[in-house]
Amino acid sequence: MLLLAGAPMGAWAAAPAADKGETYPGYIALDPPLVVNLDNPRRAQFLQIKAQFYVETATDAEQVQRHMPVLRDRMITYFGGRDPEKVRGAQERERMRGEVLDQLRQAMEETTGAPCISSLYFTGFIVQ
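Using my numbering, the first residue of the sequence shown is number 78, and each one after it goes up by one.
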């Protein structure tokens, strides 16, 4: 009896966002936040990024969630090992946001045949 009661819960928990009553266009959080090492020979420094992906459709949302490991990898590769001084400032963040968005869209095109991500927003950006 316990297994039967747990089965519908498991199926519900694994359902795509579109089946949970979410409407699109909408946002998908990068969760957990991304943390990468920065290049500082004097001491350990890190960059923590909280981000939201803006998608137009439930299908795009499902694809972004399905391929989140690919997106995280692209972001780690892009941000990891950067000079801490080159990730500071609003202009630098905006430039990097555009470059990362291009890379994420390219990754989605390679894996799904469509860019899926309309925009990228940094909701947290901490260098320490």
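Note that beta-carbon positions come from the ideal geometry of N, C-alpha and C, so glycine has one too.
Enumerate in chain order the residues of its own chain whose CB-to-CB distance from residue i is below 7 Å, with the five nearest sequence positions on each side excluded.
| i | result |
| --- | --- |
| residue 116 | 158, 159 and 160 |
In whole angstroms, what is the alpha-carbon distance linking residue i and residue j?
| i | j | result |
| --- | --- | --- |
| residue 180 | residue 151 | 7 Å |
| residue 167 | residue 196 | 17 Å |
| residue 89 | residue 174 | Any reading at residue 89 must be qualified, since the residue scores a pLDDT of 34, below 50, and its modelled position is unreliable; no value is offered. |
| residue 113 | residue 164 | 12 Å |
| residue 205 | residue 188 | 34 Å |
| residue 110 | residue 127 | 5 Å |
| residue 118 | residue 162 | 13 Å |
| residue 144 | residue 153 | 15 Å |
| residue 200 | residue 99 | 21 Å |
Beta-carbon separation of residue i and residue j under 8 Å?
| i | j | result |
| --- | --- | --- |
| residue 198 | residue 129 | yes |
| residue 170 | residue 202 | yes |
Sort the options by Cα distance to residue i and report the nearest one.
| i | options | result |
| --- | --- | --- |
| residue 135 | 202, 166 and 105 | 105 |
| residue 242 | 108, 141 and 101 | The requested residue 242 is not part of the displayed model; the chain covers only 78 to 205. |
| residue 146 | 165, 103 and 107 | 107 |
Give every residue of the same chain whose Cβ lies closer than 8 Å to the Cβ of residue i, excluding the five residues on either side of it in the sequence, and list them in chain order.
| i | result |
| --- | --- |
| residue 155 | 173, 176, 177 and 180 |
| residue 33 | Limits of the chain in this structure are 78 at one end and 205 at the other, which puts residue 33 out of reach. |
| residue 191 | 137, 140 and 185 |
| residue 121 | 114 |
Keeping to the same chain, check which residues put their C-beta closer than 6 Å to that of residue i; ignore five residues upstream and five downstream.
| i | result |
| --- | --- |
| residue 148 | 181 |
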